[in-house]
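Have a look at the structure below before the remarks.
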Amino acid sequence: MGWEKTGEEEVLEPVWTIGRILPPFLVEVVAQRAESEEQAALYKIPTTTTTWAWLIWLINFRENSVFAMGHTSLDKIIALQRNPANIRNLCILAHVDHGKTTLADCLVASNGIISSRLAGKLRYLDSREDEQIRGITMKSSAISLHYRNGDQDYLLNLIDSPGHIDFSSEVSTAVRLCDGAIIVVDAVEGVCPQTQAVLRQAWLENIRPVLVINKIDRLILELKLTSQEAYSHLQKILEQVNAVTGTLFTSKVMEERAEKEKEEAAEEKEEEEKESEIVSGDQVYDWSAGLEEADDSQLYFSPDQGNVVFASAIDGWGFSIQQFAHIYSQKMGIKAEVLLKTLWGDFYLNAKAKKIMKGAQAKGKKQLFVQLVLDNIWSLYDAVVTRRDKEKVEKVIASLGVKVLARDSRHSDPKVLLSAICSQWLPLAQAVLSMVCEKLPSPIDMTAERVEKLMSVGPRRFDSLPEQTQELKRAFLQCSSGENDPLIIFVSKMFAVDTKALPQNRQRPLTQEEIAQRRELARQRHADRMAADQTAAESRSQEGQPAGCDSAKMESLTLKDSQPEEEDQQTFVAFARVYSGVAKKGQRVFVLGPKYDPARGLSMLPEGSSAWDRVPAVPHLSVCSMDSLYLLMGRELEELDEVPVGNVLGIRGLEECVLKSATLSSSPACPPFIPLNFEATAILRVAIEPKHPSEMPKLVRGMRLLNQADPCAEVLIQETGEHVLVTAGEVHLQRCLDDLRKRFAKIEISASKPIIPFRETVVRPPKVDMVNEDLGKQHKVAIIHQVKEEASQGRPSDTVHVDHSGLVTLTTPNRLATVSVRAIPLPQEVTCLLESSTELIRTLEQVNMSLREGKSLEVSPRTLEAIAGLKAQLESLLQGRKWRNAVEHIWAFGPRRYGPNILLNLVEGYQRPSLWQCLGRGDQAGEAGAQAASMRDLDNSIVSGFQLATLSGPMCEEPLMGVCFAVERWEIQSSAALPQHQDSLEEDSISHGALTDSRVEGSSETWTAGPCQARRRPQAASADCYGPVSGQLIAAMKEACRHAFQAQPQRLMAAMYTCEIMATAEVLGRVYGVLGKREGRVLHEEMKEGTDMFIIKAVLPVAESFGFADEIRKRTSGLASPQLVFSHWEVISSDPCWVPTTEEEYLHFGEKADSANQALKYMNAVRRRKGLYVEEKIVEHAEKQRTLGKNK
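Throughout the sequence shown, residue numbering follows the UniProt record's numbering, covering 1 to 1192 in sequence.
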């Protein structure tokens, strides 16, 4: 290197010297940075040195965060944080392997944090070991960058997010904190499933996206497209992206129009009759959808609008139309504004007339974009990579005016030379960051629509919130940071950091004087110890003891005491953003839970109270202190004293108050933000236990930490005592298990095979049998073998009666109550509606419970409209004679009171409070109170029995789905006995298991209704051997529902993945083979135009998905990659309880009927896992088989 100096000390080339003590990537960093004496002075790199001096420099280099901060100092970042107008909070979103992290590396390299040569190889923001091994991003990481655009300095808070569907929850946490997003699309693959998902997430959060079409080099080197073909291909990609955006925009406009029409209809109803009559004569109907009036000018992506960049991140180049417009406006003498409008589109250059004209495609001319832009890039790749023409390369370098180092031009890999040329000619970071600064909004530009959406919790509208809460909208829009402005922070996730990696725990770099002092002290201690050892050795030699024995022991003990083993601890840091005010270190704030009600909080707290005061207990409100504030710099954290509004930050000290996400505020009037939108559903379950039982406390603590650190993972403790981990997919599961073993629990654990979820349902009786013959009027009733424990309970056989129509009548053991129940399959549309309306049904249940308890609960008109809409939808779907007035007779939903099953009240003469009583229609509740008070006292027992029956079905104890239980008869023979048990009704509904098991086995005594028995029953109530009536009724209702279920054709429902696979034509057959082997079903396939890629959409059972991705990659040599997303539940057509009964079925399936029955296989697997009885034949004595005798 040219800046070396000679001296008395040993002179070595710096890279050679540090190569012995630095990792390879740091060697490369220093090698690139230290190209001149100025850079050497900037980084204080020693020019003549020994290895010892290089070690000192390395410590200062690492501890002073030169590597973390790059060219920009921490003071500069802090200064930029105070100007919210020049702050850009953005995230990078894309499908997996479309180049997000490589693009992030290029942007990080622009600040000198890493070498530009390592962009795409280092993956700087992928700090986890498994991220580097797999080559995919698994978590969201933030970093602050400085960019100077013109005469303005900008602070860019960049968040890199995962692209794999298993980690889409991390995308949700990133999107919430941002105002804009960079959508990255592969130029070859185009719009993929996850691209659509991230566009939808960005749309739901009301953030503005810009587009980067990446991997343009693949069009040249892989697909071998000409520049004209590439232009057509890029046009189609833009159309695909805009089509997705247009669909989202259309749905939003139509929803707004529908809501507006509802409001107008409500206003018309309130008008007087005379006015309505006048208007009715001249009524005009508007059939338009409202799309013509809506403004979508800034919605779509177009290069001439400046929101599209064409790039190759791996080669380090990228450009927008503006860059070439400025270049050619000087060369061609055409105004840059004209070129901006014509450089993209159907325009061509007329060389003779020296004019830009329209109609290039019709006239067979090259478009201006092809002629002026793509042709130049194609010729550069042809000269450098394809032909390796040195003379032409030198001409290109001279014409572009770039400087290429000799080592780059001599490099064996032509991509190195190409990157050196392109990164100077068309720097990617400059193109992307300038687009970000000009097109993405700052925190000040936050729209009122987004603010109202964030603050509208649940079904409550913004205008229904208290006035003090609505006043906070101004603080959001103005980005206020004054002393009196409220502090509002949203925490999107909690992430774990090694405690020793926190800034306050880093070792402080030593000065030269301190190093010299320590060296002198070490020499003095060494001399004293040598003198003491010599004296001790002389005294022992006189006594005849071996020298050095005790000193060695003492030294080993001293070493052990001086270096105690410290267990690595994890500290949780909140990933957050300041929306209003200034966050200060040590400040106390209110932590608002998701169910916090600001109106209730303001009524319970004293006026003007703050987090520093001693406040009374308020539901879902706690107080916490922000111990430390951090600047997030990828792998590093930098401590801050305060963070102004509009910035992304890390907060320490919230782990006791925040589980996954929360809203922090200095004002109790602030409402909690709406929950995050998760694309993927956590459905994959495994049971976990430690290999050594004594380490169970460590496992429990580790799972608690994992639950807090992962936004999507769930940790459950089942009734059996199993610790269950619920994840979004196979890759997510593996990451969670690795985190448990290495970070949180730090013990050896054993994970069970995945616990596959199923559902049980009933279907209409089939019209044909298994060999497609008409069944006629015969009706098969299949009752599965009951568990031996249930059979040994001693219930008399005459308490259960099943008639030919499937009506089950069951009597309680003491003969006081009789229930008749029928199971009816629900239409599929109703099941889907109930499953999608769980939150609304839960709200309905809360309202009804408040009404039953006599409490007043304010319900917003919007919620009532939604409940009325649900009722109307159910009425429209439940049509036919058997469903007449069924919606009015709905008793409850289940399981857990909001599931996809229905309990109907068809008991003649029994009227109870309507489920829809909150809508205020009818006086059914009052009538019910006058008629059947004794039966209404046990109403909850019937509902509890229904909830238990739907929670675990008779086939394999899995929840029911799509089943309607109609209670057609309910009789209580002795009402005088009921008051004795009213006090225990609530207890009975909770502890039903203990009560039902408390019956005396073998007792045959029954009670008959009569005046004598009714008179003496109160005295004998306490001595009833069967327990309270309420408990008996719960058990009877549960058993009646199970028998009614078994009296109908039963089926299993399997959880299904939607599988999107991109594969080339040559491996298409292998993909179909793997899908067929795993019970998959192909829905459709289509070929991407201009490529040899096929997109296959299929459905695959979750039970068959384990190892699917690995197998399909092996079978296709990596040319096919699947994306699995949970989609729906699907009925398995085969009957798990089927046995051959006709001669044709025996001939076709054999006497044992041992042909493959998928439903039976799944059912037996679940029963075996749960320890239930499985009906299968096993060989008990292998040596006594009949075949052995034939050989004698």
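From the three backbone atoms N, C-alpha and C, an ideal C-beta is built for every residue, glycine too.
- In the three-state scheme derived from DSSP, where H, G and I count as helix and E and B as strand, Glu-1085 is classed as strand.
- Assigned with DSSP and collapsed to three states, Tyr-147 falls in strand.
- In this structure the segment 419-427 does not lie against the segment 623-631, because fewer than three pairs of beta carbons, one per stretch, are closer than 8 Å.
- As the crow flies, the alpha-carbon of Ala-496 is around 14 Å from that of Arg-741.
- Residue pairing by DSSP places Asn-89 opposite Asn-157 in a beta bridge.
- Contact between the segment 235-246 and the segment 345-357 is absent: fewer than 3 CB-CB pairs across the two stretches fall below 8 Å.
- Counting C-beta atoms within 10 angstroms of its own C-beta, Trp-1129 has 16 or more neighbours from the protein chains shown and is therefore classed as buried.
- Counted as a single uninterrupted DSSP element, the beta strand (DSSP E) harbouring Leu-684 occupies residues 684-690.
- Between Gly-180 and Val-212, the beta carbon gap of about 13 Å keeps them out of contact (Cβ cut-off 8 Å).
- Taken atom to atom, the span from the alpha-carbon of His-95 to that of Pro-895 is near 37 Å.
- With three or more CB-CB distances shorter than 8 Å, the segment 1120-1127 counts as touching the segment 1059-1071.
- According to the DSSP secondary-structure assignment, Ile-207 is paired through a beta bridge with no residue.
- Excluding its 5 nearest sequence neighbours in each direction, Leu-676 has C-beta neighbours in its own chain below 8 Å: Ser-169, Ser-172, Thr-173, Arg-176, Ser-492, Ser-661 and Pro-711, listed in chain order.
- If you draw a straight line from the Cα of Ser-312 to the Cα of Leu-418, it comes to about 11 Å.
- Excluding sequence positions up to five before and after Ile-942, its CB lies within less than 6 Å of the CB of Met-1037, all in the same chain and listed in chain order.
- With 16 or more other Cβ atoms from the protein chains shown falling within 10 Å of its own Cβ, Met-446 counts as buried.
- Here the segment 947-959 lies against the segment 1164-1173, with 3 or more beta-carbon pairs under 8 Å apart.
- Below 8 Å, enough C-beta pairs join the segment 93-107 and the segment 188-195 to call them touching: three or more.
- Bounds of the beta strand (DSSP E) holding Tyr-1057 are 1050-1064.
- For the beta strand (DSSP E) assignment, the uninterrupted runs of no fewer than 3 residues enclosed by the segment 1102-1150 are, from N- to C-terminal side, 1121-1131.
- Taking a cut-off of 8 Å on C-beta distances, the segment 628-647 touches the segment 576-589, as three or more cross pairs fall below it.
- The C-beta separation of Ile-1034 from Ser-944 comes to about 5 Å, placing the pair in contact by the 8 Å criterion.
- Rounded to whole angstroms, Lys-882 and Tyr-898 show a C-alpha spacing of 23 Å.
- Proximity to Glu-655 across Ala-187, Val-573 and Glu-760 peaks at Val-573, based on C-alpha coordinates.
- Taking a C-beta distance under 7 Å as the contact criterion, Thr-950 and Leu-960 qualify as a contact pair.
- Taking a cut-off of 8 Å on C-beta distances, the segment 604-621 does not touch the segment 684-696, as fewer than three cross pairs fall below it.
- The C-beta distance from Glu-189 to Met-1087 rounds to 13 Å, too long to fall under 8 Å, and the pair is not in contact.
- Between the C-alpha atoms of Ala-353 and Cys-437 there is a straight-line separation of about 38 Å.
- Judged by DSSP secondary structure, Lys-341 falls within the alpha helix (DSSP H) whose first and last residues are 336-342.
- Distance check between Gly-99 and each of Ile-136, Ile-890 and Leu-74 places Ile-136 closest, using alpha-carbon atoms only.
- Using a Cβ-Cβ distance cut-off of 8 Å, the segment 510-518 and the segment 712-732 are not in contact, since fewer than three pairs of beta carbons, one from each stretch, lie closer than that value.
- Ser-320 and Leu-343 have their C-alpha atoms some 11 Å from each other.
- Distance from Ile-182 to Leu-90 at the Cβ level is roughly 6 Å; contact confirmed, criterion being Cβ atoms closer than 8 Å.
- By a beta-carbon distance limit of 8 Å, Ala-420 contacts Val-404. Their separation comes to about 5 Å.
- If you look at Val-763, you'll find it isn't in any alpha helix (DSSP H); DSSP assigns it neither H nor E.
- Each of Leu-878, Lys-262 and Glu-968 was checked against the Cα of Ala-866, and the nearest Cα belongs to Lys-262.
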